[in-house]
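Please read the structure below before turning to the comments.
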Amino acid sequence: MASSTVSSWMIGSCMSVPGKKEHELHGFFGIYKSKCKWAIPSKTTKGVFINSKSNNALTFPISSSFLSQPNRTITGFSSSNSCFLFTGSAANPPPTKIISSAQTGEVMAIASQSAMEAAPKKKPPTKERRVVVTGMGVATSVGHDPHTFYENLLEGVSGISEIEAFDCSQYPTRIAGEIKSFSTDGWIVPKLSKRMDKFMLYMLTAGKKALSDGGITEDMMDELDKRRCGVLIGSAMGGMKVFNDAIEALRVSYRKMNPFCVPFATTNMGSAMLAMDLGWMGPNYSISTACATSNFCILNAANHIIRGEADMMLCGGSDAAIIPIGLGGFVACRALSQRNTDPSRASRPWDSNRDGFVMGEGAGVLLLEELEHAKQRGATIYAEFLGGSFTCDAYHMTEPHPKGTGVILCVEKALAQSGVSKEDVNYINAHATSTPAGDLKEYQALVHCFGQNPELRVNSTKSMVGHLLGAAGAVEAVATIQAIRTGWVHPNINLENPDEGVDTNILVGPIKERLDIKVALSNSFGFGGHNSSILFAPYK
Numbered sequence: 001m002a003s004s005t006v007s008s009w010m011i012g013s014c015m016s017v018p019g020k021k022e023h024e025l026h027g028f029f030g031i032y033k034s035k036c037k038w039a040i041p042s043k044t045t046k047g048v049f050i051n052s053k054s055n056n057a058l059t060f061p062i063s064s065s066f067l068s069q070p071n072r073t074i075t076g077f078s079s080s081n082s083c084f085l086f087t088g089s090a091a092n093p094p095p096t097k098i099i100s101s102a103q104t105g106e107v108m109a110i111a112s113q114s115a116m117e118a119a120p121k122k123k124p125p126t127k128e129r130r131v132v133v134t135g136m137g138v139a140t141s142v143g144h145d146p147h148t149f150y151e152n153l154l155e156g157v158s159g160i161s162e163i164e165a166f167d168c169s170q171y172p173t174r175i176a177g178e179i180k181s182f183s184t185d186g187w188i189v190p191k192l193s194k195r196m197d198k199f200m201l202y203m204l205t206a207g208k209k210a211l212s213d214g215g216i217t218e219d220m221m222d223e224l225d226k227r228r229c230g231v232l233i234g235s236a237m238g239g240m241k242v243f244n245d246a247i248e249a250l251r252v253s254y255r256k257m258n259p260f261c262v263p264f265a266t267t268n269m270g271s272a273m274l275a276m277d278l279g280w281m282g283p284n285y286s287i288s289t290a291c292a293t294s295n296f297c298i299l300n301a302a303n304h305i306i307r308g309e310a311d312m313m314l315c316g317g318s319d320a321a322i323i324p325i326g327l328g329g330f331v332a333c334r335a336l337s338q339r340n341t342d343p344s345r346a347s348r349p350w351d352s353n354r355d356g357f358v359m360g361e362g363a364g365v366l367l368l369e370e371l372e373h374a375k376q377r378g379a380t381i382y383a384e385f386l387g388g389s390f391t392c393d394a395y396h397m398t399e400p401h402p403k404g405t406g407v408i409l410c411v412e413k414a415l416a417q418s419g420v421s422k423e424d425v426n427y428i429n430a431h432a433t434s435t436p437a438g439d440l441k442e443y444q445a446l447v448h449c450f451g452q453n454p455e456l457r458v459n460s461t462k463s464m465v466g467h468l469l470g471a472a473g474a475v476e477a478v479a480t481i482q483a484i485r486t487g488w489v490h491p492n493i494n495l496e497n498p499d500e501g502v503d504t505n506i507l508v509g510p511i512k513e514r515l516d517i518k519v520a521l522s523n524s525f526g527f528g529g530h531n532s533s534i535l536f537a538p539y540k
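So the sequence shown is residues 1 to 540, counted in full-length UniProt numbering.
Put into C-alpha cells, the structure is as follows:
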C-alpha cells in the first residue's frame, strides 16, 4: 500500500487570502469567476469541511507536501447545505485548477495524501465478544419444538412418508419428509398467513418460537436496543409455490397474477418480514448457498456479533420445496430415493443399499447472543458458538470432489479459526444425505481430519427427517445443541449394511448413545461445491 497511487480523501479549504494567486473556477455547468485564492501550504495549513446550514466545521491537517506539488487537480460539488471538493491522484494530472459548482464567496476544497498517511497502521484492539445460543425454534416432520423434535430423533422416529400435498402418482419418487400439519395461529396474522409461501410461514414461526424459547417476552422486547438486533435466515429455493402459482396465472393473463408473487418468492423477504414484525433494525439479509445455506447464515450472524455490529441475531434457514416443480426438478437430477414402498427406510446414510436422498421441508432458527448481553438479561445459555469456516470445491455443480479436498480444507479452517484442537472434537453431525458418492467422500474426509479418535461419534439427522435443503444446517444445529444439552446423541437409523471401508465404531448405531460432548462439529455442503463447518461446545 505504501507505493500505491490511490489517495485517500482529505478536506481542504480555499478562501480569500490576500496576496495570493487568483484561480478560475470551473463548475459542472459552466465557468465562473471567483475571488477564491489558493494559500501556500505551511505547517499550520488545515483542511476544512463547512456545513453552511448548521455552521459546523470539521478541520483536518493537510500534508505540507501536497499543495507545493505542481499539477494538482481539485474537483468537487456543492449542495444547499454543504460543499465538497475532492481530489484524486493521477499519473499525469492536468494543470492545477479549482473546479467547483459553489456559487458563494467561500469555496471548500478536498486535498489528498497517501492512503498510508491517512489510514491507521494498526487496527485498535477490541474486546473479545463471545457468542452463545440462547433460543431455538424448529418446524420439521418429527416435531415443531426443539424438545419434541429431539426426543423423536433419540427414539429413531422417522418423518419420511408418502406425499399427500399433491398427486404424485406419476412420479418415480412419491415420498418425502413432509410436514403433515402446521399451524401459524398465534404467530402470524391470518391475512399474511394466507398470502405467504410455506417457506416464509415456517421461517417466521420458527423464528418467533426461538425468541419465546430464549425468554424474550413482550416486556423484554420493549427493553431491547432493536438497532442492535438482526435477522439472517436464508433459503435455498425461496417461494417456489408462490412463483409457480404466478406462472400458472400468467397463462391466463398477467391481470390474474398475485401482486405479492415477486416479493414473496425472493429468499430475502422472510428475514425482512420477521424484522418488520419485531422492529429489529440491525443486520438483515439472507444467504443462499444451496444446502449449505443455514450454516453460512449462522456463521455470518455470529460474525456480526463478534465484530460488535449486533448483540442478538436470529439466524438459520427455511425451505418448502415439496411441490410438483420441486419434486420434479430433483427427480430430473436423478438425486432422489425411489424406495416408495418403504418410506421410513428410504433415507439410509452410509448404507450400501442407499439409492438417493429424500426431500424434507421445514425451518430451523437459532437465537445467537453476545455472552455479556445474555448474562445481563438472565438468559439460559444452551451452548457456545465457537466458530466455523466456508470453502468451495471448485470442481462440479453437484458431485463432491473425488479427494474431498474442499471438505478437508473447510474442516481444518474451522478448527483453526475457532482455536479448537482436533482431539477435542468428539461429536460430528454429518451432512450425509444418503447419496452414493457424497456420504463416502465426507466420511473419508472426516477420517483424514480426525484420525481414529476412539471418542469420536458421527451421525446423520437426515436418516429421520430427510434433506431439508437450505434448512438442513439449522435443523441439524438444533440437534447438535440438544445433544450437548442432554448428553445423548441420536441413532443412525437404517444403517444395516455399511459401505465397504466405513468403520462402524465411528458411527452411532441403531439406538441412541450417551456422550459427554467436548466440542461438536456440524457440516453442511451444497450444490455448487459450497462447504461449511460450524462448531459448538458446552458453555463454561
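In this text, a Cβ means the ideal position worked out from N, Cα and C, and glycines have one as well.
Starting from residue i and walking both ways along the beta strand (DSSP E), at which residues does that stretch end?
i: ARG457; result: 457-459
i: VAL425; result: 425-429
i: PHE390; result: 383-392
i: LEU233; result: Strictly speaking, residue 233 in this sequence is Ile, with Leu absent from that position. Taken as a continuous stretch (DSSP letters only), the beta strand (DSSP E) holding ILE233 covers 229-234.
i: ALA520; result: 519-526
i: ASP311; result: Per DSSP, ASP311 belongs to no beta strand (DSSP E) and is neither H nor E.
So residue i and residue j are supposed to be a Cβ contact under 8 Å. How far apart are they, rounded?
i: GLY316; j: SER294; result: 5 Å
i: ARG354; j: SER434; result: 5 Å
i: LEU507; j: ASN492; result: 6 Å
i: CYS297; j: GLY388; result: Between GLY388 and CYS297 the Cβ distance is about 11 Å, and since that is not below 8 Å, they are no contact.
i: ALA383; j: VAL133; result: 5 Å
i: SER286; j: LEU232; result: 7 Å
i: GLY214; j: GLY329; result: Between GLY329 and GLY214 the Cβ distance is about 36 Å, and since that is not below 8 Å, they are no contact.
i: GLY308; j: VAL138; result: That pair is no contact at about 29 Å.
i: ILE408; j: VAL131; result: With 8 Å as the limit, ILE408 and VAL131 do not qualify as a contact, their Cβ atoms being about 25 Å apart.
i: GLY360; j: GLY466; result: 3 Å
i: MET257; j: MET200; result: Rounded, the Cβ-Cβ distance is 18 Å, inconsistent with contact.
i: ASN244; j: ILE325; result: 5 Å
Report yes if the CB atom of residue i is closer than 8 Å to the CB atom of residue j, and no otherwise.
i: VAL425; j: LEU386; result: no
i: ILE175; j: ILE160; result: yes
i: SER344; j: SER158; result: yes
i: THR398; j: ASN531; result: no
i: PHE337; j: SER352; result: As written in the sequence, residue 337 is Ser, which differs from the Phe given in the question. Contact: no.
i: GLY364; j: ALA471; result: yes
i: residue 555; j: ARG195; result: With the chain running from 1 to 540 in the structure shown, residue 555 is simply not present.
i: CYS229; j: LEU327; result: no
i: VAL458; j: ILE484; result: no
i: residue 608; j: ALA477; result: Residue 608 is absent from the structure shown; the chain starts at 1 and stops at 540.
i: HIS448; j: GLY404; result: yes
i: MET273; j: ARG227; result: no
i: ILE188; j: THR205; result: yes
i: ALA474; j: LEU366; result: yes
i: TYR150; j: GLN482; result: yes
i: ALA520; j: THR461; result: no
i: PRO283; j: ALA310; result: yes
i: ALA210; j: LEU314; result: yes
i: ALA437; j: PRO498; result: no
i: HIS431; j: ASN523; result: yes
i: PHE182; j: ILE323; result: no
DSSP three-state label for residue i, please.
i: TYR539; result: coil
i: PRO283; result: coil
i: LEU224; result: coil
i: SER169; result: coil
i: PHE264; result: coil
i: residue 545; result: Absent from the structure is residue 545, since the part of the chain shown begins at 1 and ends at 540.
i: GLU178; result: coil
i: ILE408; result: helix
i: GLY215; result: coil
i: GLY207; result: helix
i: THR293; result: helix
i: SER418; result: helix
i: HIS304; result: helix
i: SER533; result: strand
i: LEU507; result: strand
Considering just the uninterrupted stretch of the alpha helix (DSSP H) at residue i, what are its terminal residues?
i: ALA139; result: Taken as a continuous stretch (DSSP letters only), ALA139 belongs to no alpha helix (DSSP H), being part of the beta strand (DSSP E) at 131-139.
i: ASN244; result: 240-252
i: ALA272; result: 269-278
i: ALA155; result: Strictly speaking, residue 155 in this sequence is Glu, with Ala absent from that position. Note, GLU155: premise wrong, no alpha helix (DSSP H); not H, not E.
i: ASP190; result: It should be noted that the sequence gives Pro, not Asp, for residue 190. 190-195 is the extent of the alpha helix (DSSP H) around PRO190.
Contained alpha helix (DSSP H) runs [length at least 4] in the segment 322-399, N- to C-terminal order: 324-332 and 371-376
Could you pull out every unbroken alpha helix (DSSP H) segment of at least 4 residues lying fully inside the segment 438-499, listed in chain order? 462-465 and 472-486
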